[in-house]
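Note sheet for the following structure.
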């Protein structure tokens with residue numbers, strides 16, 4: 001089985017927790033390796 005992958009523009013969640021045990025939601029992924037494709041997208 002393959003490993004999980006994220007693509008440019010996908011939203012990410014970090015393990016950091018805000019007050020009140022709310023997960024910290026980051027923003028869209030803005031950079032990555034230019035030679036990796038997943039489902040036809042970088």
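Residue numbers (full-length UniProt numbering): 1 to 42.
Just so it is clear, CB atoms sit at the ideal spot from N, CA and C, and this is done for glycine as well.
- Nearest to residue 27 by CA position, among 38, 9, 5, is which residue? Reading the chain shown from its first residue, position 27 is the one you call residue 27. That would be 9, whose Cα lies nearest to the Cα of residue 27.
- Sub-8 Å separation of residue 12 and residue 6 beta-carbons: For the purposes of this step, residue 12 is taken as the residue at position 12 of the chain shown. For the purposes of this step, residue 6 is taken as the residue at position 6 of the chain shown. In this structure, residue 6 lies closer than 8 Å to residue 12 by Cβ.
- Residues bridged to residue 25 [DSSP beta-bridge criterion]: Reading the chain shown from its first residue, position 25 is the one you call residue 25. Looking at the DSSP assignment, residue 25 forms a beta bridge with 13.
- Message: Is there a Cβ of chain B sitting closer than 8 Å to that of residue 13, yes or no?
- Response: Within the model displayed, chain B is absent; a lone protein chain is all it includes.
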